[in-house]
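This report refers to the structure that appears directly beneath it.
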Amino acid sequence: MPVWLQALVWGTAAGAALVLGAALSWRWSLPSKLVSSIMSFGAGVLISALAFELVGEAVAGGGLWPTVAGFLAGSVVYVGANAMLARAGAKHRKRSGHQQPSEEENPGSGTAIAFGALLDGVPESVVLGVGMLAGGAVSPAMMAAVFISNVPEGLSGTAGMKKAGRSARYVFGLWGGIALLCGVASLVGYAALENAPGGVVAFITAVAAGGILAMLADTMIPEAFEEHHNLTGLTASVGFLTAFTVHHLGGSGGLAVAPARDWGLKALPPPVTDT
């Protein structure tokens with residue numbers, strides 16, 4: 000299978016976890032504490048992934064300053080876009096309680112929620128495609144992290160949509176459409192940067208990482224803390240360790256994975272010693 004097609008398939012598969020979470024939440028009325036516990040676990044998973052799979056390898060492959068600039072840019076862009084969507088009615092799109100407004104209460108909020116969910120999902124999908132630039136295969140750790148974190152997003156968001164009176168057609172159309180767009184985002188991440196310099200790859204990777212961290216702080220962690228605050232930290236820690244373990248068992252061998260060679264940078268010659 001061509002690598003570009005693999006990027007499309009893996010991105011769509013990761014996005015399909017949103018549909019899985021939505022289906023579980025639509026079929027059963029899950030306790031709020033269970034939903035928030037899964038959400039905090041997913042937050043821990045993503046924190047681990049952006050630390051070990053994204054930022055660390057971006058620095059090693061493209062340098063510190065492209066990574067710093069990209070991370071800051073991703074955070075600023077996400078926060079700005081999220082603030083605009085919040086004013087349009089998407090502020091509580093990941094909340095499982097009665098915080099989400101109905102279309103009658105806030106006309107246009109359904110569209111804002113759709114764009115907000117897309118904003119949350121695109122950075123994760125882009126890095127799946129970018130990660131395939133190194134070895135022509137998806138990173139098992141990053142794939143697992145995105146999939147695991149998407150399930151609670153679908154769970155919590157759908158619970159709130161259901162309580163706000165959204166229809167099944169709207170809910171599953173939203174998550175299904177985002178799953179497909181996640182596949183496209185992964186494909187674009189691979190195709191657009193296939194021949195890019197290491198510094199550019201590092202910048203884009205860090206942009207996605209900055210957006211993911213801002214998303215965690217603005218949407219996932221508040222939902223996790225509100226209902227299950229006594230064990231939020233512990234559950235997030237378990238999620239972090241789970242992703243960290245997958246990172247090592249996936250064959251990455253830590254951060255020293257010769258990214259200079261993989262990202263198209265010239266390897267340094269061995270030091271010359273006098274004899």
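Note that numbering that gives the first Met the number 0 has the sequence shown beginning at 0, numbered continuously upward. Positions of the beta carbon are idealized from the N, C-alpha and C atoms, including for glycine.
Q) Does the segment 8-24 come close enough to the segment 175-189 to have 3 or more Cβ pairs within less than 8 angstroms? A) yes
Q.
Taking the alpha-carbon of Ser31 as reference, which of Ala223, Gly55 and Phe243 has the nearest alpha-carbon?
A. Ala223
**Q.** Outcome for Ser24 when other beta-carbon atoms lying within 10 angstroms are tallied against a minimum of 16
**A.** buried
Q | Close beta carbons around Lys90, own chain, < 7 angstroms, minus the five adjacent residues each side | A | No residues qualify anywhere along the chain.
Q: Please check the pair Pro151 and Gly20, which I expect to be a contact at CB under 8 angstroms, by giving their CB distance rounded to whole angstroms.
A: 6 angstroms
(Q) If you reduce the DSSP assignment to three classes, tell me which class Pro151 lands in. (A) helix
(Q) For Val58, which residues in the same chain have their Cβ closer than 6 angstroms to its Cβ, ignoring the five residues on either side in sequence? (A) Thr66
Q. Using a Cβ-Cβ cut-off of 6 angstroms (strictly less than) and excluding sequence neighbours within five positions of Gly135, which residues of its own chain qualify?
A. Excluding sequence neighbours, Gly135 sits near Val2.
(Q) So, for Leu254: in the same chain, excluding its five sequence neighbours on each side, which residues have a beta-carbon less than 8 angstroms away from its beta-carbon? (A) In this predicted model, Leu254 has a pLDDT of only 32, less than 50, meaning its place in the structure is not dependable enough to derive any value.
Q.
Looking only at its chain, what residues have a beta carbon closer than 7 angstroms to the beta carbon of Leu267, apart from the 5 residues adjacent to it on each side?
A. Unreliable positioning characterises Leu267 in this predicted model, as indicated by a pLDDT of 38, which lies under 50. A coordinate reading is not provided.
Q: Take Ala113 and list the residues in its own chain whose beta-carbon comes closer than 7 angstroms to its own, dropping the five residues that flank it on each side.
A: Leu173
(Q) Classify Gly79: buried if its beta carbon has 16 or more other beta carbons within 10 angstroms, exposed otherwise. (A) exposed
Q) The alpha helix (DSSP H) with Met83 in it runs from where to where? A) From DSSP, the alpha helix (DSSP H) with Met83 extends over Leu63 to Leu84.
Q) Can you tell which of Val206, Met38 and Gly120 has the C-alpha that lies nearest to the C-alpha of Gly275? A) Only positions 0 to 274 of the chain appear in the structure, and residue 275 is not among them; the question remains open.
Q. Among Ile177, Leu84 and Trp27, which residue has its Cα nearest to the Cα of Pro218?
A. Reading the sequence as shown, one finds Thr at residue 218 and not Pro. With distances taken between Cα atoms, Thr218 lies closest to Leu84.
Q | Complete runs of the alpha helix (DSSP H) confined to the segment 185-226 [at least 4 residues] | A | If we require 4 residues or more, the alpha helix (DSSP H) runs fully inside the segment 185-226 come out as 197-214.
Q | Cβ shell of Val126 (< 7 angstroms), same chain only, five flanking positions each side left out | A | The answer, listed in chain order, is Leu53, Met141, Gly188, Thr204 and Ala207.
Q: Give every residue of the same chain whose Cβ lies closer than 7 angstroms to the Cβ of Ala178, excluding the five residues on either side of it in the sequence, and list them in chain order.
A: The beta carbon of Ala178 sits closer than 7 angstroms to those of Thr11, Gly14, Ala15, Leu17 and Val18, all from its chain and outside the five residues before and after it, given in chain order.
Q: Return the chain-ordered list of same chain residues with a C-beta closer than 7 angstroms to the C-beta of Val75, the five sequence neighbours on each side being excluded.
A: none
Q: Select from Trp64, Met0 and Leu29 the residue whose C-alpha is nearest the C-alpha of Val199.
A: Checking every option, the nearest Cα to that of Val199 belongs to Trp64.
**Q.** Local conformation of Pro139 per DSSP, three classes
**A.** helix
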